[in-house]
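J.: If you're matching them up, the sequences are chains A and B in order. Start counting the first sequence at 0; every next residue gets the next number (numbering that gives the first Met the number 0). Start counting the second sequence at 0; every next residue gets the next number (numbering that gives the first Met the number 0). In this text, a Cβ means the ideal position worked out from N, Cα and C, and glycines have one as well.
Protein chains: 2
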Amino acid sequence: MGEIRKDPVVPRWVIIAEPREKRPTDYRSDGTVVSVTPKSCVLCPGNESNTPAEVYAIRPDGSPPNEPGWQVRVVPNKYPAVYRGGSLDRKGLGLLDSMRAYGVHEVIIETPDHDLQWDSMSAHHLKLVFQTFQARLRALRQDPILRYIVIFRNYKHEAGASLSHPHSQLIALPVVPLTPKEELKACRHYYLERERCLFCDLIYQEREVGKRIVYEGEKTLVLSSFAPRFPYELQILPSEHSHDFAEADESVIEDLAVTFNLILKGLKKLLNDPPYNLVLFTAPNPVPRPGRPDYWGTLPYDYHWHWLLLPRTTRIAGFELGSGFYIHHVDPERAAEELSSLIRAEVASAMR
Amino acid sequence: MGEIRKDPVVPRWVIIAEPREKRPTDYRSDGTVVSVTPKSCVLCPGNESNTPAEVYAIRPDGSPPNEPGWQVRVVPNKYPAVYRGGSLDRKGLGLLDSMRAYGVHEVIIETPDHDLQWDSMSAHHLKLVFQTFQARLRALRQDPILRYIVIFRNYKHEAGASLSHPHSQLIALPVVPLTPKEELKACRHYYLERERCLFCDLIYQEREVGKRIVYEGEKTLVLSSFAPRFPYELQILPSEHSHDFAEADESVIEDLAVTFNLILKGLKKLLNDPPYNLVLFTAPNPVPRPGRPDYWGTLPYDYHWHWLLLPRTTRIAGFELGSGFYIHHVDPERAAEELSSLIRAEVASAMR
Chain A
0 MGEIRKDPVV
10 PRWVIIAEPR
20 EKRPTDYRSD
30 GTVVSVTPKS
40 CVLCPGNESN
50 TPAEVYAIRP
60 DGSPPNEPGW
70 QVRVVPNKYP
80 AVYRGGSLDR
90 KGLGLLDSMR
100 AYGVHEVIIE
110 TPDHDLQWDS
120 MSAHHLKLVF
130 QTFQARLRAL
140 RQDPILRYIV
150 IFRNYKHEAG
160 ASLSHPHSQL
170 IALPVVPLTP
180 KEELKACRHY
190 YLERERCLFC
200 DLIYQEREVG
210 KRIVYEGEKT
220 LVLSSFAPRF
230 PYELQILPSE
240 HSHDFAEADE
250 SVIEDLAVTF
260 NLILKGLKKL
270 LNDPPYNLVL
280 FTAPNPVPRP
290 GRPDYWGTLP
300 YDYHWHWLLL
310 PRTTRIAGFE
320 LGSGFYIHHV
330 DPERAAEELS
340 SLIRAEVASA
350 MR
Chain B
0 MGEIRKDPVV
10 PRWVIIAEPR
20 EKRPTDYRSD
30 GTVVSVTPKS
40 CVLCPGNESN
50 TPAEVYAIRP
60 DGSPPNEPGW
70 QVRVVPNKYP
80 AVYRGGSLDR
90 KGLGLLDSMR
100 AYGVHEVIIE
110 TPDHDLQWDS
120 MSAHHLKLVF
130 QTFQARLRAL
140 RQDPILRYIV
150 IFRNYKHEAG
160 ASLSHPHSQL
170 IALPVVPLTP
180 KEELKACRHY
190 YLERERCLFC
200 DLIYQEREVG
210 KRIVYEGEKT
220 LVLSSFAPRF
230 PYELQILPSE
240 HSHDFAEADE
250 SVIEDLAVTF
260 NLILKGLKKL
270 LNDPPYNLVL
280 FTAPNPVPRP
290 GRPDYWGTLP
300 YDYHWHWLLL
310 PRTTRIAGFE
320 LGSGFYIHHV
330 DPERAAEELS
340 SLIRAEVASA
350 MR
């Protein structure tokens, strides 16, 4: 059983997991893909017995669990970073804080097709993937020990992927991690001062300025980050205020799928199919008791969910790790212009 | 001229530098080294005219600047992330904060020998490198706009190096960056409550517990981090309280060189010559006026300088970037045990 530990000086937590060295990988150390066939891929249909038993699946044909027939399938991670069971066992020894690595680590297998990435997946199928995320968020919120659920996608070896079959991951944690907590705090503070959502105001300002809007869908919006950590970093948000991705309407999810398809097609063309990370930022799990220090309201209505897309074409080096500053050389305004013109061309050619 | 920008939601700053795409590199995209000879290496002796004019050098033979004869040589980075000159031009446009990318970016060429890394460099020569860092810290503190100086070393392509010749870098900034600022704040808060240094107390507790001490030199100490972001992460600190690396005694610097030599030899053996980042954490530049919000005292005597050594054998993926949490699978206690026994063997064989 692993441990979650806090740095004794700064508010940074790490997970020291059980050994995961034996994890299989489809990548050589130089990042190239080992030849993986539907037969040898652990996530492909027909190999369901190679994963732990599924916890959720979309099976329109009514096929039984752990057999082929699924369109999206969710399984526990075979080499999890966190485990459920037992108590949290928070403790402090002088300056040293730790707790058990309690949590849930799942793999969302996004399609039976080994080669179908998000840029070429139909918007209809991508909608099913998003709806699966929503279903898992709702299901895991039943566990009152879990406080936040991180949903993320690592595309390619350079972005940390170990398997090449299209998949995302989910890690549910007993604490709200630093990065979303900072955003939640900023939004709460802003709301208390102004009774407006910080992200709604940011969208309003970015529309007025007009320099970093990459794409506007019917219900969603893509911004080139004003202060990106990586070149071509994007934020994908619902245009109307909405604090909780789990409760987003089907119409928003549909539009989100169309939007993602367009921007990933654009990025693929512009940056030669770059590695990327994708992360969901959404409301934490509800805490029913107002007295608790992690109480954000039954749900923090002052938050605004969004996806963060981080192309990984630069490296994180000593300066970044030692300062918290990031350096790169691509103007966010230039990134928005390049990407939006590619998307306009894509939309025009689709309409022809 | 680039810009320093703040994220509109969280306190994270980034530097959007002038295009640096044309930077030369000794590495292929798969991380292997292109054959570099002393003739073709821009940092080797004889090629001094390929770098900007030196700002500092150790030349025991009295040789003239920008000629061979140096032992350590400091030059401005030819492709700097920040530039000096003009005003800072801080501004806010609604939610969007920025300032000019004012600063200094230097390269410390650590030795004339293209193949002499820190693990095989003599402790005497490594002392000269550390003394060069001290000299640059003292010199750059003369500019009152500069608030903090980050000194770092990226070893190998995977850790962000672009050149293979042994070198470190220095970036002087007009703000105290997030990571050292959080440490400074924590130390100030701790001192105000207890009148003791947080790092001194941590050293005291780690000595009592005894599980994460990797090595104790005469004047310095190596800890396996309690909550490491990367496997085998180490902290190298002076055993006696000292807030400012620039003012550390020659005897401390001498011992630091011996210590570094030992732990880098150990890590090389244990992890097969791993890529790593090394970063100095020290007091910020003095601010003379107590009224300013960045006033930490003439110097923050409650801080404790240290080096952070981050072996880069794992990848930073979506979970880390989206949560601020880090995951890996190596117990810090096991890391301390493995590394300290290698070092003990090393010391014993050196004494024989």
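1. Going by other Cβ atoms of all chains shown within 10 Å of its Cβ, with 16 needed for buried, is residue 71/A buried or exposed?
2. Which word fits residue 63/A, buried or exposed, when buried means at least 16 other C-beta atoms lie within 10 angstroms of its C-beta?
3. Let's test the definition: count the other Cβ atoms within 10 Å of the Cβ of residue 330/A and tell me whether it reaches 16, buried, or not, exposed.
4. What distance in whole Å lies between the Cβ atoms of residue 115/B and residue 7/B, which are believed to be in contact at a cut-off of 8 Å?
5. Output, in sequence order along the chain, the residues in the region 191–207 of chain A whose CB is closer than 8 Å to any CB in chain B.
6. Can you tell me which residues form a DSSP beta bridge with residue 151/A?
7. Could you give the DSSP three-state label for residue 327/B: helix, strand or coil?
8. In three-state terms, what does DSSP make of residue 234/B?
9. What are the start and end residues of the beta strand (DSSP E) that includes residue 258/B?
10. Buried or exposed, going by whether 16 or more other CB atoms sit within 10 Å of the CB of residue 188/A?
11. Which residues in the same chain as residue 276/B place their Cβ atom closer than 6 Å to its Cβ, once the five residues preceding and following it in sequence are excluded?
12. List, in chain order, every chain A residue whose beta-carbon is nearer than 8 Å to that of residue 13/B.
13. Can you find the residues in the same chain that come closer than 6 Å, C-beta to C-beta, to residue 252/A, ignoring five residues on each side of it along the sequence?
14. The beta strand (DSSP E) that contains residue 71/B, what's its start and end?
15. Can you list, in chain order, the residues of its chain with a C-beta nearer than 6 Å to that of residue 111/B? Leave out the 5 residues immediately preceding and following it.
16. Can you tell me where the alpha helix (DSSP H) with residue 25/A in it begins and where it stops?
17. In chain B, which residues lie with their C-beta within 7 Å of the C-beta of residue 9/A?
18. Output, in chain order, the set of chain B residues within a Cβ distance shorter than 7 Å of residue 178/A.
19. Against chain B, does residue 278/A count as a neighbour if the rule is that its beta carbon must be under 8 Å from one of theirs?
20. Let me see if you follow: with CB-CB separation under 8 Å, is residue 309/B close to chain A or not?
21. Strictly below 9 Å CB to CB, what residues from chain B border residue 267/A?
22. Using a Cβ-Cβ distance under 8 Å, would residue 315/B count as near chain A?
23. I need the DSSP call for residue 179/A, collapsed to helix, strand or coil.
24. Can you tell me whether residue 344/A is buried or exposed, with buried defined as 16 or more other CB within 10 angstroms of its CB?
25. For residue 321/A, which three-state DSSP category applies?
26. Identify the contact partners of residue 170/A in chain B, using a Cβ-Cβ distance below 7 Å as the criterion.
27. With distances taken between CB atoms, is the gap from residue 282/B to residue 326/A smaller than 8 Å?
28. List the whole-angstrom C-beta distance separating residue 216/A from residue 258/A, where the pair is believed to meet the contact cut-off of C-beta under 8 Å.
29. Which residue marks the beginning of the alpha helix (DSSP H) containing residue 197/B, and which one marks its end?
30. Could you please give the first and the last residue of the uninterrupted alpha helix (DSSP H) stretch that includes residue 90/A?
31. Report the residue from 87/A, 167/A, 316/A and 262/A whose alpha carbon sits nearest the alpha carbon of residue 132/A.
32. Run down chain A in chain order and give the residues with a C-beta less than 7 Å from the C-beta of residue 151/B.
33. Tell me whether residue 128/B sits in a helix, a strand or coil according to DSSP, three-state version.
34. Name the chain B residues that come within less than 9 Å of residue 5/A, Cβ to Cβ?
35. Which chain A residues are close to residue 16/B, counting only those with a beta carbon under 8 Å from its beta carbon?
36. In the DSSP assignment, the beta strand (DSSP E) including residue 13/B goes from what residue to what residue?
T.: With the structure as the only source:
1. Your numbering for residue 71/A matches position 72 in the first sequence. Residue 71/A comes out buried.
2. To locate residue 63/A, count along the first sequence from 1; it is residue 64. Looking at its Cβ environment, which holds fewer than 16 other Cβ atoms inside 10 Å, residue 63/A is exposed.
3. Here residue 330/A refers to the residue found at position 331 of the first sequence. Counting Cβ neighbours within 10 Å, residue 330/A comes out buried, since at least 16 surround it.
4. Walking along the second sequence from the start, residue 7/B turns up at place 8. Walking along the second sequence from the start, residue 115/B turns up at place 116. In fact, because the Cβ distance is near 46 Å, the residues do not count as touching under 8 Å.
5. 197, 198, 200, 201 and 204
6. Position 152 of the first sequence, counted from the start, is the residue given in the question as residue 151/A. Per DSSP, the beta-bridge partners of residue 151/A are 168/A and 278/A.
7. Position 328 of the second sequence, counted from the start, is the residue given in the question as residue 327/B. Here residue 327/B sits in strand by DSSP.
8. Taking the second sequence and counting its residues from 1, one reaches residue 234/B at position 235. In this structure, residue 234/B counts as strand in the three-state DSSP scheme.
9. Counting from one through the second sequence, the residue named residue 258/B turns up at place 259. Not the beta strand (DSSP E): residue 258/B falls in the alpha helix (DSSP H), residues 249–270.
10. Numbered from its first residue, the first sequence carries residue 188/A at position 189. Burial call: exposed.
11. Translated into the one-based positions of the second sequence, residue 276/B becomes position 277. For residue 276/B, the CB contacts under 6 Å within the same chain, skipping 5 residues up- and downstream, are 153, 158 and 309 in chain order.
12. Taking the second sequence and counting its residues from 1, the one referred to as residue 13/B is at position 14. Going along chain A in sequence order, the residues near residue 13/B (Cβ under 8 Å) are 226, 227, 228, 324, 325, 326 and 327.
13. Position 253 of the first sequence, counted from the first residue, corresponds to residue 252/A. Cβ within range, chain order: 126 and 129.
14. Within the second sequence, numbered from 1, the residue matching residue 71/B stands at position 72. It spans 71–75 - the beta strand (DSSP E) in which residue 71/B sits, taken as one unbroken run.
15. Locating residue 111/B in the second sequence gives position 112, where the first residue counts as 1. For residue 111/B, where only same-chain residues beyond five positions count, the Cβ hits under 6 Å are 44.
16. Numbered from its first residue, the first sequence carries residue 25/A at position 26. That residue, residue 25/A, is in no alpha helix (DSSP H); it is neither H nor E in DSSP.
17. Counting from one through the first sequence, the residue named residue 9/A turns up at place 10. Within 7 Å Cβ-Cβ: 181, 182 and 185.
18. For the purposes of this step, residue 178/A is identified with residue 179 of the first sequence, where counting begins at 1. Listed along the chain, the chain B residues whose CB falls inside 7 Å of the CB of residue 178/A are 321, 322 and 323.
19. Position 279 of the first sequence holds residue 278/A. So, interface residue.
20. Taking the second sequence and counting its residues from 1, one reaches residue 309/B at position 310. It does; some Cβ of chain A falls within 8 Å.
21. As a working note, residue 267/A is residue 268 in the first sequence. Those within 9 Å of residue 267/A in chain B number zero; the least Cβ separation is about 18 Å.
22. Indexing the second sequence from 1 puts residue 315/B at position 316. Yes, residue 315/B counts as interfacial toward chain A.
23. Here residue 179/A refers to the residue found at position 180 of the first sequence. It is helical.
24. Stepping through the first sequence from its first residue, residue 344/A is reached at position 345. When all chains shown are included, residue 344/A counts as exposed.
25. For this step, residue 321/A is matched to residue 322 along the first sequence. Residue state, collapsed to three classes: helix.
26. Position 171 of the first sequence, counted from the first residue, corresponds to residue 170/A. Chain B residues near residue 170/A: 318.
27. In the second sequence, residue 282/B corresponds to position 283, counting from 1. In the first sequence, residue 326/A corresponds to position 327, counting from 1. Contact: no.
28. Position 217 of the first sequence, counting from 1, holds the residue named residue 216/A. Position 259 of the first sequence, counting from 1, holds the residue named residue 258/A. Indeed, because the Cβ distance is near 4 Å, the residues count as touching under 8 Å.
29. Along the second sequence, read from residue 1 onward, the residue named residue 197/B stands at position 198. Residue 197/B -> alpha helix (DSSP H) spans 197–208.
30. For the purposes of this step, residue 90/A is taken as residue 91 along the first sequence, with counting starting at 1. Taken as a continuous stretch (DSSP letters only), residue 90/A belongs to no alpha helix (DSSP H), being part of the beta strand (DSSP E) at 90–92.
31. Translated into positions along the first sequence, residue 132/A becomes position 133. Among 87/A, 167/A, 316/A and 262/A, the Cα nearest to that of residue 132/A belongs to 167/A.
32. Here residue 151/B refers to the residue found at position 152 of the second sequence. The contacting residues are 317, 318 and 321.
33. Position 129 of the second sequence holds residue 128/B. Note: residue 128/B maps to helix in three-state DSSP.
34. To locate residue 5/A, count along the first sequence from 1; it is residue 6. Simply 225 and 226.
35. On the second sequence, position 17 is the one that residue 16/B refers to. Contact note: residue 16/B reaches chain A through 326, 327 and 328, using a C-beta cutoff of 8 Å and chain order.
36. For the purposes of this step, residue 13/B is identified with residue 14 of the second sequence, where counting begins at 1. From DSSP, the beta strand (DSSP E) with residue 13/B extends over 12–15.
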